[in-house]
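This report concerns only the one structure given below.
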Amino acid sequence: MSMSSELNLSVSTSPHLRSKENVPNAMRDVAVSLLPVSAVSIYWFGLNALFLIVLCMATALLTEVVFRKMLNRRSKRFDGSSLVTGLLIALCFTVNTSWWTAVIATVIGVGIAKELMGGIGWNLFNPALFGRVSVVIFAPLLLNEVNIAFKPLGFSLSTVDVVTQATPLALLKYGSGLPSLSSLFLSFPGGALGETSALALIAGGAYLIYRKHIRWQTPVSIIATVFVIALLLDSGRLGIAAPLYHIFSGGVLLGAIFMATDWVTSPITTKGKIIFGVSVGILIMVFRLFLAPVEGTAFSILIMNAFVPYIDRATKRPRFGEVAATAKMAPGVSQPVQRSV
Amino acid sequence: MTSKTFSQGVYLPHYKKFSEDKSITVISLPEEVVIPLHQHTGAPCHAVVKVGDTVKTGQKIGESAAFVSAFIHASANGTVKAIEPRPYFNGLLVESVVISVNPEQEEPRWNEKDVTELSRDEIKAAIKEAGIVGMGGAAFPTHVKLSPPKPIDAIIINGCECEPFLTCDHRMMVEMTDSLVEGAKLIARAVEAPHIIFGVEANKPDAIQAIGAKIAGDSNIEIAVLDVKYPQGSEKQLIKAAMNLEVPPGKLPFDVGVIVNNVATAIAVYEACRYQKPLYERVLTFSGDGAAKPGNVKVRIGTPISHVIDQCGGLPSQVGKVVLGGPMTGWAQSRLDVPVVKGTSGILIFTSSMVDDYGHMDCVRCGKCVEHCPMYLYPNYIGVYAETRRYPMAVEWGAMDCFECGICVYVCPSNRPIVQFVRDTKKHVAARSSK
Chain W
0 MSMSSELNLS
10 VSTSPHLRSK
20 ENVPNAMRDV
30 AVSLLPVSAV
40 SIYWFGLNAL
50 FLIVLCMATA
60 LLTEVVFRKM
70 LNRRSKRFDG
80 SSLVTGLLIA
90 LCFTVNTSWW
100 TAVIATVIGV
110 GIAKELMGGI
120 GWNLFNPALF
130 GRVSVVIFAP
140 LLLNEVNIAF
150 KPLGFSLSTV
160 DVVTQATPLA
170 LLKYGSGLPS
180 LSSLFLSFPG
190 GALGETSALA
200 LIAGGAYLIY
210 RKHIRWQTPV
220 SIIATVFVIA
230 LLLDSGRLGI
240 AAPLYHIFSG
250 GVLLGAIFMA
260 TDWVTSPITT
270 KGKIIFGVSV
280 GILIMVFRLF
290 LAPVEGTAFS
300 ILIMNAFVPY
310 IDRATKRPRF
320 GEVAATAKMA
330 PGVSQPVQRS
340 V
Chain C
0 MTSKTFSQGV
10 YLPHYKKFSE
20 DKSITVISLP
30 EEVVIPLHQH
40 TGAPCHAVVK
50 VGDTVKTGQK
60 IGESAAFVSA
70 FIHASANGTV
80 KAIEPRPYFN
90 GLLVESVVIS
100 VNPEQEEPRW
110 NEKDVTELSR
120 DEIKAAIKEA
130 GIVGMGGAAF
140 PTHVKLSPPK
150 PIDAIIINGC
160 ECEPFLTCDH
170 RMMVEMTDSL
180 VEGAKLIARA
190 VEAPHIIFGV
200 EANKPDAIQA
210 IGAKIAGDSN
220 IEIAVLDVKY
230 PQGSEKQLIK
240 AAMNLEVPPG
250 KLPFDVGVIV
260 NNVATAIAVY
270 EACRYQKPLY
280 ERVLTFSGDG
290 AAKPGNVKVR
300 IGTPISHVID
310 QCGGLPSQVG
320 KVVLGGPMTG
330 WAQSRLDVPV
340 VKGTSGILIF
350 TSSMVDDYGH
360 MDCVRCGKCV
370 EHCPMYLYPN
380 YIGVYAETRR
390 YPMAVEWGAM
400 DCFECGICVY
410 VCPSNRPIVQ
420 FVRDTKKHVA
430 ARSSK
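The listed protein sequences derive, respectively, from chains W and C.
Counted from 1, the first sequence has number 260 at position 261 by numbering that gives the first Met the number 0; the numbering is strictly sequential.
Counted from 1, the second sequence has number 256 at position 257 by numbering that gives the first Met the number 0; the numbering is strictly sequential.
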């Protein structure tokens, strides 16, 4: 009987088994899934792209540390989510983005959209997209002043001579000179770092689905919606190729695979994921066909982020046995009793 | 062989290799047995012996006038040393009869009875007299379960044993097939059920074969081979898998005309009817990554788990946890003088490498718990709301329908103790409704 005090047995509530799932591992997998497209962007844009990626990731990490310290948040384990947010923000920018724009976007994304909202799990909006669009919104107010303020530092990516090309999206909206579909699919140096290769994005998405970190319903419903609407409303100029141009250019794939599938800011249920995906797809096409073709995918996803709690509630599934119980209560409906053999 | 199953759930590592091929052996009697007077769902028993009385194996030592209760019997010849509160596996103290065991034991003698002549009331009376409870862990009195207010279409004998590590039901199905099938027939007769279904997971082919051979030619008995998925052995999931019937929320299996009994319970029913043998011993699995000699052992009720551990090779130096029951729903012990009771299906020894001590993080809404919950609940929301003490919201997202299988915690990347949040909610609701 005295054994117990010497034994120092560990006591906790059930269950006593754990799977190997944890957030840092999942974040590592997301980072791995973004490696192909990052590599393609570095191939096209060289060290400038690499610099932008490293800058955003380092800023994200630093922002997380500073905000947690500032908020006096109880020590949380390092989960790696800020590094992924930093990487995603970098991939949302074109290579000639000035370095301080990327830094501001990252600080807003990680600091305001995530840490100030309560940290990972509590944010309503996708931190990467929130950071990205906030600099779009602030741009008219800040651009000149900040440009002047940072001039003495004498360092801006925009001063570096790099290949700059009109994005396929702009070409799609305003004119001709579109690249071939196959080059768009494989690799094309227009637009943001994360928009340089459809194939690389799809490969990353396939890896995340294979690793069970995301479900296929969200990206597929977004892409299918974009496809159908483009086919119906925009096949006048490009014919049957229009849907594919819409899918392979701009941020559709990056958004559908890596942003709309964010655990924290997307619906929990399968039905909810499809409603969310179709709505995002519709909004993307509204932006593209009727509004300015600037960050349409980002705005679409952020708008739908706000509806996620309502989508979860509206798509709440019946509990085990609830459907059978309701069917039984309905008059004249008899439950077929299936017997096992 | 196609195997049936239910929706959702999770594929767990089996961990059955340690003990699945080990025949049942008998653990020797300890120096004293501690027999709790409340080992079942329902009213506690009161002692019908006094300190100083000599008792014999199988003698009734506790009873209750309440219908929902189960009699308690001595598990050894000896002298009543004390009747006092003693530690129980759930961490509380329970009034117990402490018997100091005679070094001289004689084999109890039984009158064999022809069970084919027993009426349904005689079967139920024998079960009640023997103090039989559900031996899968819930310990619900069997004579109560076999008195349903509705006609019963089928009884299911639960041979799933879906908890990892546990193999005692498996071994009983293989080694005691005759008693098992006879017990199942007695249960079916007690409720006048026309059909018997044995539900066995596909990872026990020898058990499936043994039962199959025994029931061949009997058109009223069938065997349902089930997918090896947790929690296949939970009543509602088992009924869904074997018969494609769903028991509605808040209802019991008899509401859909089914009664489920565990393998060990069926064998105990047979022994009670055939020999008038009370439930004073049971087979359990001794296993775990830290178990020196894993196996399946027959243990007298009231035997301290320290005695079983000693008989099975002792504890490893790096012991982390000692769990009574399965790893998903069992109870971690802080002391080893707690006794084996009627519902103890296993003693698991885990080394410190199996112990998690890293705390939990906030919910990241990954949805894995929602994807796997066998009751189609929302463990993510239950956890978040219960953690912030918004219990009515936790109830709205399904807390009261949870049977605490533990899958949500198992799959959670943030290691959130959702089962504990559910228990907090249930406790809060019970406290409010009793006001």
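Where is the CB? At the ideal position from N, CA and C, for every residue including glycine.
field: Any C-beta of chain B under 8 Å from that of C:Tyr10
entry: Considering every chain present, this structure includes no chain B. Its protein chains are W and C.
- prompt: So who's on the other strand from C:Val257, going by DSSP bridges?
  reply: Numbered from 1 along the second sequence, position 258 holds the residue referred to as residue 257 of chain C. C:Ala153, per the DSSP bridge assignment.
task: Starting from W:Ala57, trace the alpha helix (DSSP H) both ways and give me its first and last residue.
output: Within the first sequence, residue 57 of chain W is the residue found at index 58, counting from 1. Its alpha helix (DSSP H) spans residues 46-69.
- prompt: So does the segment 351-370 of chain C actually touch the segment 26-37 of chain W, counting three or more Cβ pairs closer than 8 Å?
  reply: no
field: the segment 5-30 of chain W: positions lying closer than 7 Å to chain C by Cβ
entry: Leu6, Leu8, Ser9, Val10, Ser11, Thr12, Ser13, Pro14, His15, Leu16, Arg17, Ser18, Glu20, Asn21, Val22, Ala25
message: Helix, strand or coil for C:Val383? Go by DSSP, reduced to three states.
response: If you number the second sequence from 1, residue 383 of chain C lands on position 384. Note: C:Val383 maps to helix in three-state DSSP.
message: Short of 7 Å in beta carbon distance, which residues of its chain neighbour C:Ala487, apart from the five on each side in sequence? Order them along the chain.
response: Not covered by the structure: residue 487 of chain C. The range shown for chain C is 0 to 434.
Where W:Ile119 meets chain C, residues with beta-carbon distance less than 7 Å: Taking the first residue of the first sequence as position 1, residue 119 of chain W is located at position 120. Chain C residues near W:Ile119: Asp361, Val363.
message: Tell me the DSSP secondary structure of W:Val159 in three-state form.
response: Start at 1 with the first residue of the first sequence, and residue 159 of chain W comes out as number 160. The pLDDT assigned to W:Val159 is 39, lower than 50, so where the model puts this residue is not dependable; a value taken from the coordinates is nonetheless given after this. In this structure, W:Val159 counts as coil in the three-state DSSP scheme.
field: C:Ala331 vs W:Ser186 beta-carbon contact at 8 Å
entry: Walking along the second sequence from the start, residue 331 of chain C turns up at place 332. Walking along the first sequence from the start, residue 186 of chain W turns up at place 187. The answer is no: Cβ separation not under 8 Å.
- prompt: Measuring CA to CA, which of C:Leu347, C:Ile300, C:Gly289, C:Arg108 is closest to C:His72?
  reply: The residue given as residue 72 of chain C occupies position 73 in the second sequence. Cα-wise, what sits closest to C:His72 is C:Ile300.
- request: Kindly indicate the opening and closing residues of the beta strand (DSSP E) around W:Leu82.
  value: Within the first sequence, numbered from 1, the residue matching residue 82 of chain W stands at position 83. Looking at the DSSP string, W:Leu82 is not in any beta strand (DSSP E); the run it does join, the alpha helix (DSSP H), is 80-91.
query: With distances taken from CA atoms, which of W:Ile273, W:Ile300, W:Leu46 is nearest W:Phe286?
result: Within the first sequence, residue 286 of chain W is the residue found at index 287, counting from 1. If we check each option's Cα against that of W:Phe286, W:Ile300 comes out closest.
task: Report the option in C:Lys341, C:Ser27, C:Lys16, C:Ile23 whose CA atom is closest to the CA atom of C:Glu174.
output: Within the second sequence, numbered from 1, the residue matching residue 174 of chain C stands at position 175. Comparing Cα-Cα distances from C:Glu174 to each of C:Lys341, C:Ser27, C:Lys16, C:Ile23, the minimum goes to C:Ile23.
query: In chain C, which residues lie less than 8 Å from W:Pro317 when you measure between Cβ atoms?
result: Position 318 of the first sequence holds residue 317 of chain W. The contacting residues are Tyr375.
- request: Could you confirm whether any beta carbon from chain W is found closer than 8 Å to the beta carbon of C:Tyr409?
  value: Translated into the one-based positions of the second sequence, residue 409 of chain C becomes position 410. Output row for C:Tyr409: interface = yes.
- prompt: Any Cβ of chain C within less than 8 Å of the Cβ of W:Gly85?
  reply: Residue 85 of chain W sits at position 86 when you count from the first residue of the first sequence. Closer than 8 Å: no.
query: Counting contacts by CB-CB distance shorter than 8 Å, is W:Val263 in contact with chain C?
result: Position 264 of the first sequence, counted from the start, is the residue given in the question as residue 263 of chain W. Yes, its Cβ sits closer than 8 Å to a Cβ of chain C.
- request: Measure the C-alpha to C-alpha separation of W:Thr93 and W:Val132 and round it to an integer number of angstroms.
  value: Position 94 of the first sequence, counting from 1, holds the residue named residue 93 of chain W. Position 133 of the first sequence, counting from 1, holds the residue named residue 132 of chain W. Spanning the two alpha carbons is a distance of roughly 13 Å.
query: What distance in whole Å lies between the Cβ atoms of W:Leu70 and W:Ala30, which are believed to be in contact at a cut-off of 8 Å?
result: Residue 30 of chain W sits at position 31 when you count from the first residue of the first sequence. Residue 70 of chain W sits at position 71 when you count from the first residue of the first sequence. No, W:Ala30 and W:Leu70 are not in contact; Cβ-Cβ is about 25 Å, not under 8 Å.
task: Just the chain C side, please: which residues come within less than 8 Å of W:Gly320 by C-beta, in chain order?
output: As a first step, residue 320 of chain W must be located in the first sequence, where it is residue number 321. Neighbours of W:Gly320 on chain C, chain order: Lys235, Glu245, Val246, Pro247, Pro248, Lys250.
- prompt: Counting Cβ pairs closer than 8 Å, one from the segment 52-64 of chain W and one from the segment 76-85 of chain W, do we hit at least three?
  reply: yes
task: Consider the Cβ of W:Ile267: report whether some Cβ of chain C lies at a distance smaller than 8 Å.
output: For the purposes of this step, residue 267 of chain W is identified with residue 268 of the first sequence, where counting begins at 1. By this cut-off, W:Ile267 is an interface position.
message: Quick check: the Cα distance between W:Gly254 and W:Arg236, rounded to an integer number of angstroms?
response: Here residue 254 of chain W refers to the residue found at position 255 of the first sequence. Here residue 236 of chain W refers to the residue found at position 237 of the first sequence. Whole-angstrom Cα-Cα distance: 25 Å.
field: Neighbouring residues, chain W, relative to C:Lys320 (Cβ below 7 Å)
entry: Reading the second sequence from its first residue, position 321 is the one you call residue 320 of chain C. Within chain W, the residues near C:Lys320 are Leu8, Ser9, His15.
field: CA nearest to the CA of C:Gln231, picked from C:Ile406, C:Gly41, C:Gln58, C:Ser432
entry: Within the second sequence, numbered from 1, the residue matching residue 231 of chain C stands at position 232. It is C:Ile406.
query: In chain C, which residues lie with their C-beta within 9 Å of the C-beta of W:Ala323?
result: The sequence position of residue 323 of chain W within the first sequence is 324, counting from 1. The answer, in chain order, is Leu244, Glu245, Val246, Pro247, Val255.
message: Using a Cβ distance threshold of 8 Å, determine whether the segment 91-107 of chain W contacts the segment 265-277 of chain W, with at least three qualifying pairs required.
response: no
query: Checking contacts by CB at 8 Å: is C:Ser333 closer than that to chain W?
result: For the purposes of this step, residue 333 of chain C is taken as residue 334 along the second sequence, with counting starting at 1. Taking Cβ atoms only, chain W reaches closer than 8 Å to C:Ser333, which makes this a yes.
query: Can at least three beta-carbon pairs, one atom from the segment 26-40 of chain C and one from the segment 249-261 of chain C, be found at a separation below 8 Å?
result: no
query: Three or more C-beta pairs closer than 8 Å, one from the segment 160-170 of chain C and one from the segment 187-194 of chain C: is that the case here?
result: no
- prompt: Going along the chain, which residues of its own chain have a beta-carbon closer than 8 Å to the beta-carbon of C:Leu92, five neighbours each way excluded?
  reply: In the second sequence, counting from the first residue as 1, residue 92 of chain C sits at position 93. These residues qualify, in order along the chain: Pro84, Arg85, Pro86.
message: Please classify C:Gln208 as buried or exposed, where buried requires at least 16 neighbouring CB atoms within 10 angstroms.
response: Start at 1 with the first residue of the second sequence, and residue 208 of chain C comes out as number 209. Burial call: exposed.
task: Just confirm the distance between the C-beta atoms of W:Leu232 and W:Leu288, as a whole number of angstroms; I'd bet it's less than 8 Å.
output: For the purposes of this step, residue 232 of chain W is taken as residue 233 along the first sequence, with counting starting at 1. For the purposes of this step, residue 288 of chain W is taken as residue 289 along the first sequence, with counting starting at 1. Between W:Leu288 and W:Leu232 the Cβ distance is about 6 Å, and since that is below 8 Å, they are a contact.
query: Closest to C:Gly325 by CA distance: which of C:Met392, C:Glu403, C:Asp361 is it?
result: Here residue 325 of chain C corresponds to residue number 326 of the second sequence, with the count starting at 1. Out of C:Met392, C:Glu403, C:Asp361, C:Glu403 has the C-alpha closest to the C-alpha of C:Gly325.
field: Every unbroken beta strand (DSSP E) inside the segment 75-125 of chain C [3 residues or more]
entry: 77-86, 92-100
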